[in-house]
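*Asks:* Sequence lines, in order, name chains A and B.
Mapped onto this note's numbering, the consecutive letters of the first sequence carry residue numbers 1 to 331.
Mapped onto this note's numbering, the consecutive letters of the second sequence carry residue numbers 332 to 701.
Questions regarding the structure given below will be posed in turn.
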Amino acid sequence: MTASQESQADARLRKSGGASGLRRPNTEILSRLLILVLLVVIGQVISSSFLSLENFKIILLAVAGITIVAFGMTMVVISGEIDLSVAGVAVLSGISGALLLETESTALVVAVTLAVGLLLGLVNGVMVAWIGIPSLIATLAMLGIARALANIVSRGQAYYPDKLESFLWLGRGDLLGLPVPILLLAVAAGIALVLTRLTLFGRKLYATGGNATAARLSGIRTDRVKIAVFMICGFSAALAGMLESARLAYINPAAFPGMELSVLAVTVLGGAALAGGSGSITGTLLAALIIGVINSLLNQMGVSIYLQQVVTALIILAVVLPGLKQRLLAK
Amino acid sequence: MSASTSGAGAPSLPRPVVRLLRDPLLWLIVLIVVIGAASSPYFLTPLNIANTIRNAAAIGLLSLGMTMVLLTGRIDLSVAATMVFSVIVGVVVTVELGALFGERWLVRGNSFAGPPGLVIAITLMTGLVVGIVNGIGVAYLKVASFIMTLVALTALRGLNYILTTGHPFYLKGATFNWIGDSVYLGIPTGFLIALAVLAAMLLFLRGSVAGRRFYAIGGNEYAALYAGIKTARYVVLAFAISGLCAAIAGVVLTSRLKSVDAPLASGYELTAIAIAVIAGVSLSGGVGSPLRALLASLAFAGALNLLGLWGVSTWYQNLAIGLVLLIAVGIAQARQRILEQKRSGGRITYAWLLDSWRRYWNDKRQSVDT
Numbered sequence: 001m002t003a004s005q006e007s008q009a010d011a012r013l014r015k016s017g018g019a020s021g022l023r024r025p026n027t028e029i030l031s032r033l034l035i036l037v038l039l040v041v042i043g044q045v046i047s048s049s050f051l052s053l054e055n056f057k058i059i060l061l062a063v064a065g066i067t068i069v070a071f072g073m074t075m076v077v078i079s080g081e082i083d084l085s086v087a088g089v090a091v092l093s094g095i096s097g098a099l100l101l102e103t104e105s106t107a108l109v110v111a112v113t114l115a116v117g118l119l120l121g122l123v124n125g126v127m128v129a130w131i132g133i134p135s136l137i138a139t140l141a142m143l144g145i146a147r148a149l150a151n152i153v154s155r156g157q158a159y160y161p162d163k164l165e166s167f168l169w170l171g172r173g174d175l176l177g178l179p180v181p182i183l184l185l186a187v188a189a190g191i192a193l194v195l196t197r198l199t200l201f202g203r204k205l206y207a208t209g210g211n212a213t214a215a216r217l218s219g220i221r222t223d224r225v226k227i228a229v230f231m232i233c234g235f236s237a238a239l240a241g242m243l244e245s246a247r248l249a250y251i252n253p254a255a256f257p258g259m260e261l262s263v264l265a266v267t268v269l270g271g272a273a274l275a276g277g278s279g280s281i282t283g284t285l286l287a288a289l290i291i292g293v294i295n296s297l298l299n300q301m302g303v304s305i306y307l308q309q310v311v312t313a314l315i316i317l318a319v320v321l322p323g324l325k326q327r328l329l330a331k
Numbered sequence: 332m333s334a335s336t337s338g339a340g341a342p343s344l345p346r347p348v349v350r351l352l353r354d355p356l357l358w359l360i361v362l363i364v365v366i367g368a369a370s371s372p373y374f375l376t377p378l379n380i381a382n383t384i385r386n387a388a389a390i391g392l393l394s395l396g397m398t399m400v401l402l403t404g405r406i407d408l409s410v411a412a413t414m415v416f417s418v419i420v421g422v423v424v425t426v427e428l429g430a431l432f433g434e435r436w437l438v439r440g441n442s443f444a445g446p447p448g449l450v451i452a453i454t455l456m457t458g459l460v461v462g463i464v465n466g467i468g469v470a471y472l473k474v475a476s477f478i479m480t481l482v483a484l485t486a487l488r489g490l491n492y493i494l495t496t497g498h499p500f501y502l503k504g505a506t507f508n509w510i511g512d513s514v515y516l517g518i519p520t521g522f523l524i525a526l527a528v529l530a531a532m533l534l535f536l537r538g539s540v541a542g543r544r545f546y547a548i549g550g551n552e553y554a555a556l557y558a559g560i561k562t563a564r565y566v567v568l569a570f571a572i573s574g575l576c577a578a579i580a581g582v583v584l585t586s587r588l589k590s591v592d593a594p595l596a597s598g599y600e601l602t603a604i605a606i607a608v609i610a611g612v613s614l615s616g617g618v619g620s621p622l623r624a625l626l627a628s629l630a631f632a633g634a635l636n637l638l639g640l641w642g643v644s645t646w647y648q649n650l651a652i653g654l655v656l657l658i659a660v661g662i663a664q665a666r667q668r669i670l671e672q673k674r675s676g677g678r679i680t681y682a683w684l685l686d687s688w689r690r691y692w693n694d695k696r697q698s699v700d701t
């Protein structure tokens, strides 16, 4: 299917079914909740310690980074674009921050990391919205460029931020009895939810992805919306990269291989259609939990990480298929 | 070179030759050769030329397959993973078959010493099957092509590690040596294979009805469908060809390296797309020629070789690949707009250019599933 065909089919569905882009996720969210509950039950049957606070913390910690990026990715996908550069952005911004480790100022390291993430997102957005390069190509190129730049500025070496206690706290510390990455995940989820559901920007975002021409004719600057979501995605990638490097006290230019795939998996599993205009932060959060629980299950059963990769791929496929069947039926 | 260029404008030359001489790609290659010859004494040595062409063979085969998929308006991100997967399956299945007949073909240090012919046959079959599965997913199950092939990429890379258990296989055998090392008239066998594939593709695309339909589908899929073309079959065919090309590229590359391991050729899908785009293949389908794709792979390999000779590190080379891809797509976008303006009889002025940019920003099509 070409893009125009798909968007036409979508538009028809939206007109005929009365299922608006914002309302549709409700059944999707229920079905995902059901899957999650089912998986947890299976987990409890397999291992009696599955339903413990400790295991829940471990699962959340494992998916915190990916989920934060997935929030940014969800917004990009809602706007009708895609961002394959997240791994490159996470690495380059992390390395840029790490270059300033000698200053021993956590604030500076964090600020530079996040600023580089924003900047790379801006470049992505400008390439897509103003120069008119398809986002698939622009961000694929950005992935290669950012990783190459990370290698160049670090000369291929790894950095160990193990002397900056307050930086490590971001990945390892506790606040109010909860690990910091989980708290940050909660904050990111809150901000993303408010941004997409309660603000004017959120309305513009769904309008842009749903029907760009209609959005433009009603006075929305769709190019600015797209640049904004790419910046949000770049920022979240940088944040996630920072959490990981703080947790491991280690960042190297080859880090996060294949991150875009796991993030896309979570996003697609969360119900965001790649044609744009639909998807929700709640769905993405549930999808991340599903992936986390599955990985935890596979780990406990001793399945190799590579087989987990295959399983993840098959899960995406399984989720993408029924959604399209619905769309075809609605046609 | 000078003898042929002096006759560029002469009407007596056959049209394909004239078209080739007008091609900016050819002049890009000439430019690279001139700069290379001027800046490095090693660039024009037979050994270096053979090496460069050998490098062009594998990425050229990948981009030939990619071109076929792009022609139908789809994209195949799984080419590099398919390439490595096919060879690994070829080796593993052959070894298992050998074990079935009481032969031990995987000897000390993971060296493969069985019959290369069988490995190659199974490799090609595997590539074909992977391509067909991709194609069915895209054409009949209606999964967006880049999601389908991204899924294939992830799954196949995972399977590669599982099948090899993380260790490389070393390939021994006269056939591998022949494909990887032998040179005829200064051209390595690998590139001759790529040329043969190119010839087959040109015959198919230019000389058969089915080939013309490929362009029709990419140009306007609805029109093609309403004209009675069973578009889904051609999409499957395109992915099957891409899978087969990837498998052939796998044979060529691993014969040269005499080994295969799971992380081999990661990121080659980016290279293949970059080459196709430089060759002028449209990402929205319907425009592109395999001949130019192979030319572009030569230019690409030549430029990378030159960077290597200058002592530029691979990191900068990767940077260059990304930048070149972006610039090529940017130029292609601008060129298309200028052509449209010319076709509609308008004049190309500075004011028009500015205005067209502005209109373009305001009027950009959504393009998620290329």
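Glycine is no exception: its CB is placed at the ideal position from the N, C-alpha and C atoms.
Here the structure is a predicted model, which means the values were calculated and not measured.
1) Which residues, taken in chain order from the segment 466-483 of chain B, show a beta carbon closer than 9 Å to some beta carbon of chain A?
2) Does A:Phe50 come out as helix, strand or coil in the three-state DSSP assignment?
3) In angstroms with no decimal places, state the Cα-to-Cα distance between B:Asn491 and B:Leu526.
4) Find out if the Cβ-Cβ distance for the pair B:Met414, B:Ala577 is shorter than 8 Å.
5) Any beta-carbon of chain B closer than 8 Å to the one on A:Gln44?
6) Name the chain B residues whose beta carbon is nearer than 7 Å to that of A:Asn151?
7) Using the Cβ count rule (16 or more neighbours within 10 Å means buried), how would you classify A:Asp83?
8) What's the call for A:Gln309, buried or exposed, on a 16-neighbour Cβ count within 10 Å?
9) Alpha carbon to alpha carbon, how far is A:Ser52 from A:Met127?
10) By how many angstroms is the C-alpha of B:Tyr647 removed from the C-alpha of B:Arg350?
11) Out of curiosity, what's the CA-to-CA distance linking B:Ala555 and B:Arg544?
12) Output yes if chain A places a C-beta closer than 8 Å to the C-beta of B:Tyr557; else output no.
13) Within the continuous beta strand (DSSP E) that includes B:Tyr501, where are the two ends?
14) Measuring only between beta-carbons, confirm whether B:Gln664 sits less than 8 Å from chain A.
15) With DSSP collapsed to three states, give me the class of B:Asp592.
16) The alpha helix (DSSP H) with A:Asp223 in it runs from where to where?
17) Between A:Ala90 and A:Gly241, which are expected to be in contact by the criterion C-beta below 8 Å, what is the C-beta distance as a whole number of angstroms?
18) Check the Cβ-Cβ distances between A:Ile68 and every residue of chain B, and say whether any is below 8 Å.
19) If I measure Cβ to Cβ from A:Ile290 and keep anything under 7 Å in the same chain, skipping five residues before and after, which residues do I get?
20) Judging by CA-CA distance, which residue of B:Gly404, B:Gly396, B:Ala651, B:Gln667 is the nearest neighbour of A:Ala148?
21) Give me the residue from B:Arg439, B:Ala412, B:Gly504, B:His498 with the minimum Cα distance to B:Thr485.
22) In the DSSP assignment, find the alpha helix (DSSP H) that holds A:Arg172 and state where it starts and stops.
23) Cβ of A:Val266 less than 8 Å from any chain B Cβ?
24) Using the rule of at least 16 other Cβ atoms within 10 Å of the residue's Cβ for burial, across every protein chain shown, is B:Glu552 buried or exposed?
25) To the nearest angstrom, how far is the alpha carbon of A:Arg23 from that of A:Ile29?
26) Could you tell me the alpha carbon to alpha carbon distance between A:Thr113 and A:Ile95, rounded to whole angstroms?
27) DSSP three-state call for B:Phe443: helix, strand or coil?
28) Is there at least one Cβ from chain A nearer than 8 Å to B:Ala334's Cβ?
29) Given this structure, state the Cα-to-Cα distance separating A:Asn295 from A:Val319, to the nearest angstrom.
30) Do A:Gly121 and A:Gly202 come within 8 Å of each other at the CB atom, strictly closer than that value?
31) Under the rule that 16 or more other beta-carbon atoms within 10 Å means buried, what is A:Lys57, buried or exposed?
32) Run through DSSP, which three-state label would A:Tyr160 get?
33) Take A:Ala273 as the anchor and find which of A:Gly209, A:Leu195, A:Ala249, A:Val229 has the nearest alpha-carbon.
34) Quick one: list the residues of chain B neighbouring A:Ile133, beta-carbon separation under 8 Å, in chain order.
35) Going by C-alpha distance, which of B:Asn508, B:Arg488, B:Pro345 is nearest B:Ala444?
36) List the residues of chain B that A:Tyr306 touches, going by C-beta distances under 9 Å, in chain order.
*Replies:* Taking the definition as stated:
1) Under the 9 Å Cβ criterion, the segment 466-483 of chain B contributes Gly468, Val469, Leu472, Lys473, Val474, Ala475, Ser476, Phe477, Ile478, Met479, Leu481, Val482, Ala483.
2) Of the three classes helix, strand and coil, the one that applies to A:Phe50 here is coil, per DSSP.
3) Going from the Cα of B:Asn491 to the Cα of B:Leu526 covers about 29 Å.
4) Taking 8 Å as the Cβ cut-off, B:Met414 and B:Ala577 qualify as a contacting pair.
5) At a cut-off of 8 Å between beta carbons, A:Gln44 makes no contact with chain B.
6) Ordered by position in chain B, the residues that pass the 7 Å Cβ test against A:Asn151 are Trp646.
7) Residue environment for A:Asp83: buried (at least 16 other C-beta atoms within 10 angstroms of its C-beta).
8) That one is buried.
9) Looking at the two C-alpha atoms, the distance is approximately 47 Å.
10) Near 34 Å, if we compare the C-alpha coordinates of B:Tyr647 and B:Arg350.
11) About 8 Å.
12) Look at B:Tyr557: its C-beta is not under 8 Å from any C-beta on chain A.
13) Here the beta strand (DSSP E) through B:Tyr501 covers 500-502.
14) Closer than 8 Å to some Cβ of chain A, the Cβ of B:Gln664 qualifies, so yes.
15) Residue state, collapsed to three classes: coil.
16) DSSP places A:Asp223 inside the alpha helix (DSSP H), whose first and last residues are 222-248.
17) So it is a contact: roughly 3 Å between Cβ atoms.
18) No Cβ of chain B is located within less than 8 Å of the beta carbon of A:Ile68.
19) In the same chain as A:Ile290, and ignoring 5 residues on each side of it, the C-beta atoms closer than 7 Å to its own belong to Arg32, Ile35, Leu36, Leu39, Leu269, in chain order.
20) Closest by C-alpha distance to A:Ala148, out of B:Gly404, B:Gly396, B:Ala651, B:Gln667, is B:Ala651.
21) Nearest option by C-alpha distance: B:Ala412.
22) Per DSSP, the continuous alpha helix (DSSP H) segment holding A:Arg172 begins and ends at 165-172.
23) So no, A:Val266 is outside the interface.
24) Around the CB of B:Glu552, 16 or more other CB atoms lie within 10 Å, so the residue is classed as buried.
25) Its pLDDT being 49, under 50, A:Arg23 is placed unreliably by the model, and the measurement read from it follows with that caveat. Each residue's alpha carbon lies about 11 Å from the other.
26) A straight line joining the alpha-carbon of A:Thr113 with that of A:Ile95 spans about 8 Å.
27) B:Phe443 falls in the strand class under three-state DSSP.
28) Annotation note: pLDDT 43 at B:Ala334 (below 50); position unreliable, no value reported.
29) A:Asn295 and A:Val319: Cα-Cα distance of roughly 17 Å.
30) At the C-beta level, A:Gly202 and A:Gly121 stay beyond 8 Å of one another.
31) The Cβ neighbour count for A:Lys57, taken over all protein chains shown within 10 Å, is under 16; the residue is labelled exposed.
32) A:Tyr160: coil per DSSP, three-state reduction.
33) Residue A:Gly209 is the option with its Cα nearest to A:Ala273.
34) Neighbours of A:Ile133 across chain B, judged by C-beta separation under 8 Å: Leu657, Val660, Gly661, Gln664.
35) Minimum Cα distance to B:Ala444 is reached at B:Asn508.
36) Below the 9 Å Cβ cutoff, chain B contributes Arg488, Gly489, Leu490, Asn491, Tyr492, Ile493, Gly497, Ala593 as neighbours of A:Tyr306, in chain order.
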